[in-house]
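For any residue, its number in our numbering is found by taking its place in the sequence shown, counting from 1, and adding 14.
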Amino acid sequence: MEGRMRQESNSDRTVAHYLGDTPPEVFRKQLHQLADWIADFRENLGNIRVAPNDKPGAIRGALPAQPPENAESFDKILSDIDRLIVPGMVHWSHPMFLGYFGWTQTGPGILGEIATAPLNVNAMTWRTSPAATELETLVVDWVRQWMGLPEEFGGVVYDTASVGVMHALAVAREEAAPSTRKLGLTGRDLPIFRVYASDQAHSSAEKAAIALGLGEENVQRVPSDAEFRMDVAALRKMIERDLAQKFKPLAVVATVGTTSTASVDPVPEIGKICREHKIWLHVDGAYGGGFAILPEYQWITKGWGNADSIVINPHKTLFVPLDFSILFVRDLERLRRVFTLVPEYLRGDTIDAEKNYMDYGIQLGRRFRALKAWVIWRSLGRAGMADRLRDQMRLTSLLVDWIKSDQRFELAAPVVMPVVCFRFVGNDQSNSEIVERINASGQAYLTQTKLRGRTVMRIGLGNVLTTEDHLRRAWELIQKAAG
Ligand SMILES: Cc1ncc(COP(=O)(O)O)c(C=O)c1O
Numbered sequence: 015m016e017g018r019m020r021q022e023s024n025s026d027r028t029v030a031h032y033l034g035d036t037p038p039e040v041f042r043k044q045l046h047q048l049a050d051w052i053a054d055f056r057e058n059l060g061n062i063r064v065a066p067n068d069k070p071g072a073i074r075g076a077l078p079a080q081p082p083e084n085a086e087s088f089d090k091i092l093s094d095i096d097r098l099i100v101p102g103m104v105h106w107s108h109p110m111f112l113g114y115f116g117w118t119q120t121g122p123g124i125l126g127e128i129a130t131a132p133l134n135v136n137a138m139t140w141r142t143s144p145a146a147t148e149l150e151t152l153v154v155d156w157v158r159q160w161m162g163l164p165e166e167f168g169g170v171v172y173d174t175a176s177v178g179v180m181h182a183l184a185v186a187r188e189e190a191a192p193s194t195r196k197l198g199l200t201g202r203d204l205p206i207f208r209v210y211a212s213d214q215a216h217s218s219a220e221k222a223a224i225a226l227g228l229g230e231e232n233v234q235r236v237p238s239d240a241e242f243r244m245d246v247a248a249l250r251k252m253i254e255r256d257l258a259q260k261f262k263p264l265a266v267v268a269t270v271g272t273t274s275t276a277s278v279d280p281v282p283e284i285g286k287i288c289r290e291h292k293i294w295l296h297v298d299g300a301y302g303g304g305f306a307i308l309p310e311y312q313w314i315t316k317g318w319g320n321a322d323s324i325v326i327n328p329h330k331t332l333f334v335p336l337d338f339s340i341l342f343v344r345d346l347e348r349l350r351r352v353f354t355l356v357p358e359y360l361r362g363d364t365i366d367a368e369k370n371y372m373d374y375g376i377q378l379g380r381r382f383r384a385l386k387a388w389v390i391w392r393s394l395g396r397a398g399m400a401d402r403l404r405d406q407m408r409l410t411s412l413l414v415d416w417i418k419s420d421q422r423f424e425l426a427a428p429v430v431m432p433v434v435c436f437r438f439v440g441n442d443q444s445n446s447e448i449v450e451r452i453n454a455s456g457q458a459y460l461t462q463t464k465l466r467g468r469t470v471m472r473i474g475l476g477n478v479l480t481t482e483d484h485l486r487r488a489w490e491l492i493q494k495a496a497g
C-alpha cells in the first residue's frame with residue numbers, strides 16, 4: 015500500500031496513520047461505495063419518511079459532542095450518515111416534498127456536484143481558475159439568452175438571491191450617493207433612502223437594507239392588488255409622499271414569482287415609474303424567472319429590458335442543485351466599480367485576465383458553481399427542462415381541479431406557476447393543524463402561509479420524482495386530515 019506511514023502510541027494502542035491523502039486504491043473503493051450509496055438513496059427515497067418528527071436536539075444528542083481525536087473509518091462515518099443523519103433530515107428531494115418551491119435535484123445535478131468536488135478550485139480570478147471563470151461567463155450568458163435579456167446585461171453567480179439583491183442595492187446606493195464605497199453613509203448629510211417592494215415580496219429586501227446601512231424600516235411595503243401583484247398606483251403615491259417628505263427613493267424591487275403565491279408584479283408599469291424618477295429597478299425573479307424558458311411564459315419577462323438588475327435562482331426552477339443564483343446587471347461594469355479591490359498579494363494574478371469574478375462582490379473565495387450548471391443544462395437541454403416545468407404545470411392543474419371539486423376547500427390565490435395556495439373552509443387553526451399533522455406523519459410535506467391575514471395551505475411542485483400518484487396521495491392525506 016502506498017502512502018507515508020507514521021506510528022503513534024497512546025496509552026492502550028499503536029495507531030497507524032497515513033500521512034498525505036487516502037491511498038488511491040482505498041479511495042477508489044470508497045468512491046464506489048459512495049456511488050452505490052447515492053444510487054440506493056436516490057432509488058429508495060420515495061420509501062422513507064419525508065421529514066422526521068424529532069424534538070430539537072435529538073440528532074445532536076445521538077452524536078458524540080467531543081471532536082474526534084483519532085481517525086475513523088469511512089465505513090463507520092457512512093453508516094452514521096445512514097443511521098443518524100438521513101432519518102434526521104427533511105428530504106427536499108423526496109417525491110412527497112411539496113413545500114416551498116419543490117426542489118431541483120436530479121441525477122445529472124448530483125453528478126455535476128460530484129465532479130466539482132475533486133477540482134475544488136477557487137474561482138476568484140481568471141488566472142487562478144481560467145476554466146471556472148470562463149465557464150461561469152458562458153453559463154450566465156446561456157441564462158441571459160434563455161431569459162431573452164439584451165446583451166448589455168452581464169451576470170455573476172452568487173450563492174443566493176438574498177446576496178444578489180444586496181449587491182444590486184449596493185450599486186443603486188453608490189449611484190445615488192457617489193463615493194459611498196469610499197466614505198460610507200454617515201456624517202455626509204445624505205438623504206434617507208427608500209426602497210419599495212410589495213407586501214408579498216421576499217424579506218431579502220429588508221436583509222439587504224440591514225446589511226447596507228439603509229435601515230430595515232426604509233424598505234416600504236407597497237400594498238398588493240386582489241391577485242397579490244404590486245399595486246402600481248399605490249407605489250406612485252408612496253414615492254410622491256416620500257419625495258414631499260424629503261426621502262430619496264432609491265430602488266423598487268418588483269417580484270416575478272412571489273414566495274407565497276408566485277404572483278407576478280407589473281414590471282413594465284413599475285419600470286415606467288422608475289424611469290420617471292430615476293429609481294433603480296431590481297427584478298426579483300428568484301423563483302419565477304426560470305419559467306421564461308417556456309414560450310408560454312414569455313409574458314413574465316415584459317419590462318425586464320428596462321431593469322437595472324435581475325436575480326434568477328436556477329436552484330429554484332432550472333434544476334441546478336443548491337446553491338446557484340445569478341445577478342444580472344445592465345452594464346455589469348457598474349457592479350465591478352463598486353466592488354473591485356485588488357490587494358497587493360493578488361495583483362500578479364489579476365493581470366491579463368478575461369474577468370476576475372472577485373471584483374463583482376464581497377466574496378473573494380468563490381466555489382466553482384458553474385460546473386454543475388453546465389452539466390445539468392447540457393444533460394437536460396432547454397427542451398428537457400421545459401418538458402419538466404410543463405409537467406409541473408399539468409400536475410398543478412390537476413390539484414386545482416381536485417380542490418375545486420371538494421366543497422370543503424377553496425383556492426386562496428390565482429395559480430400562475432406550480433404553487434397552489436388553498437384553504438380548508440374553517441378557521442386558521444384548522445388549516446394549520448392539517449399541515450402540522452401531515453408533516454408530522456412523515457408521509458408528505460407541505461407548508462402554510464398567511465394571505466390577507468388568513469392562514470392558508472400551500473403546495474409547491476417542482477421535484478422531478480413527484481408523479482400524479484404522489485400528488486393524489488398527498489391530496490387524499492389532506493382530505494383525510496380535514497375530515
Ligand atoms: C421571491 C424570492 N426571492 C428571494 C428569495 C431568497 O432566495 P435565496 O434563498 O436564494 O436567498 C426567495 C426564497 O424563497 C424567494 O422566494
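Virtual Cβ for every residue (Gly too), placed ideally from N, Cα, C.
Opposing strand residues paired with residue i [DSSP bridges]
{"i": "Phe-88", "result": "Per DSSP, none; premise fails for Phe-88."}
{"i": "Asp-435", "result": "Before going on, a small fix: residue 435 reads as Cys here, not Asp. The partner list for Cys-435 (beta bridge, DSSP) reads Arg-472."}
{"i": "Leu-125", "result": "Leu-125 pairs with nothing; no bridge assigned."}
{"i": "Arg-56", "result": "Bridge partners of Arg-56: none, in fact."}
{"i": "Met-244", "result": "Ser-238"}
{"i": "Glu-424", "result": "Arg-437"}
{"i": "Val-517", "result": "For residue 517 there is no data in the structure shown, the boundaries of the chain being 15 and 497."}
{"i": "Gln-457", "result": "According to DSSP, which records beta bridges pairwise, Gln-457 is partnered with nothing at all."}
{"i": "Gly-116", "result": "Tyr-114"}
{"i": "Gly-201", "result": "According to DSSP, Gly-201 bridges with nothing at all."}
{"i": "Leu-149", "result": "Answer is none; Leu-149 lacks a bridge partner."}
{"i": "Ser-13", "result": "The structure shown does not extend to residue 13, since the chain is modelled only from 15 through 497, so no value can be given for it."}
{"i": "Thr-481", "result": "None, per the DSSP bridge assignment."}
{"i": "Ile-7", "result": "A query on residue 7 cannot be resolved here, the shown segment of the chain reaching from 15 to 497 and no further."}
{"i": "Phe-167", "result": "Arg-344"}
{"i": "Lys-221", "result": "According to DSSP, which records beta bridges pairwise, Lys-221 is partnered with nothing at all."}
{"i": "Val-47", "result": "It should be noted that the sequence gives Gln, not Val, for residue 47. DSSP output for Gln-47 lists no bridge partner at all."}
{"i": "Gln-462", "result": "Met-471"}
Of the listed residues the options, nearest to residue i (C-alpha basis)
{"i": "Thr-142", "options": "Ala-495, Ala-397, Leu-485, Ala-367", "result": "Ala-367"}
{"i": "Lys-386", "options": "Leu-332, Asp-420, Ala-300", "result": "Leu-332"}
{"i": "Glu-290", "options": "Trp-156, Pro-263, Thr-354", "result": "Pro-263"}
{"i": "Thr-118", "options": "Arg-402, Trp-416, Arg-97", "result": "Arg-402"}
{"i": "Phe-382", "options": "Val-104, Pro-237, Ile-128, Leu-308", "result": "Ile-128"}
{"i": "Gly-7", "options": "Trp-156, Ala-219, His-108", "result": "Outside the modelled stretch of the chain, which goes from 15 to 497, sits residue 7, for which no answer is possible."}
{"i": "Asp-256", "options": "Ala-240, Arg-208, Thr-272", "result": "Arg-208"}
{"i": "Tyr-301", "options": "Leu-336, Gln-377, Asn-58, Tyr-210", "result": "Leu-336"}
{"i": "Glu-241", "options": "Ala-488, Leu-465, Lys-43", "result": "Leu-465"}
{"i": "Asn-232", "options": "Asp-239, Ala-219, Arg-243", "result": "Ala-219"}
{"i": "Arg-243", "options": "Ala-222, Ala-215, Lys-260", "result": "Ala-215"}
{"i": "Val-64", "options": "Gly-497, Asp-245, His-484, Val-246", "result": "His-484"}
{"i": "Ser-501", "options": "Val-266, Ile-287, Gly-497", "result": "No answer is possible for residue 501: the residues shown for the chain start at 15 and end at 497."}
{"i": "Ile-365", "options": "Leu-479, Ile-52, Pro-144, Asn-61", "result": "Pro-144"}
{"i": "Thr-481", "options": "Ile-376, Pro-78, Gln-406", "result": "Gln-406"}
{"i": "Trp-294", "options": "Gln-259, Tyr-210, Pro-309", "result": "Tyr-210"}
{"i": "Val-154", "options": "Ala-458, Tyr-371, Gln-462", "result": "Tyr-371"}
{"i": "Asn-320", "options": "Ser-93, Pro-164, Pro-70", "result": "Pro-164"}
{"i": "Gly-467", "options": "Asn-441, Asn-136, Pro-82, Leu-491", "result": "Asn-441"}
{"i": "Asp-68", "options": "Gln-493, Gln-462, Asn-453", "result": "Asn-453"}
{"i": "Ser-87", "options": "Ile-224, Thr-273, Phe-41", "result": "Phe-41"}
{"i": "Pro-122", "options": "Phe-438, Glu-490, Val-439, Met-399", "result": "Met-399"}
{"i": "Pro-280", "options": "Thr-315, Lys-418, Thr-273, Lys-260", "result": "Thr-315"}
{"i": "Lys-221", "options": "Ile-91, Ser-176, Asn-136", "result": "Ser-176"}
{"i": "Gly-285", "options": "Pro-309, Arg-361, Leu-197, Trp-318", "result": "Trp-318"}
{"i": "Leu-48", "options": "Ile-124, Met-110, Asp-35, Met-103", "result": "Ile-124"}
Short Cβ contact (8 Å threshold) for residue i with residue j
{"i": "Phe-353", "j": "Gly-168", "result": "no"}
{"i": "Thr-269", "j": "Ser-339", "result": "no"}
{"i": "Trp-388", "j": "Leu-149", "result": "yes"}
{"i": "Gly-126", "j": "Leu-475", "result": "no"}
{"i": "Glu-166", "j": "Asp-345", "result": "yes"}
{"i": "Val-185", "j": "Leu-349", "result": "yes"}
{"i": "Glu-188", "j": "Arg-195", "result": "yes"}
{"i": "Pro-282", "j": "Gly-304", "result": "no"}
{"i": "Val-325", "j": "Gly-178", "result": "yes"}
{"i": "Ala-76", "j": "Leu-98", "result": "yes"}
{"i": "Met-471", "j": "Arg-437", "result": "yes"}
{"i": "Thr-410", "j": "Pro-428", "result": "no"}
Distance between beta carbons of residue j and residue i, contact taken as under 8 Å
{"i": "Leu-112", "j": "Ile-473", "result": "5 Å"}
{"i": "Ala-146", "j": "Ala-488", "result": "Ala-146 to Ala-488, Cβ: 40 Å. No contact."}
{"i": "Tyr-114", "j": "Thr-461", "result": "6 Å"}
{"i": "Leu-514", "j": "Val-414", "result": "The chain is shown only over 15 to 497; residue 514 falls outside these bounds and no answer can be derived."}
Min CB distance residue i to chain B below 8 Å
{"i": "Asn-61", "result": "Within the model displayed, chain B is absent; a lone protein chain is all it includes."}
Along the chain, which unbroken stretches of the beta strand (DSSP E) at least 3 residues long are found entirely within the region 276–357?
Those beta strand (DSSP E) runs which fall completely within the region 276–357 and span 3+ residues are 294–299, 323–326, 339–344.
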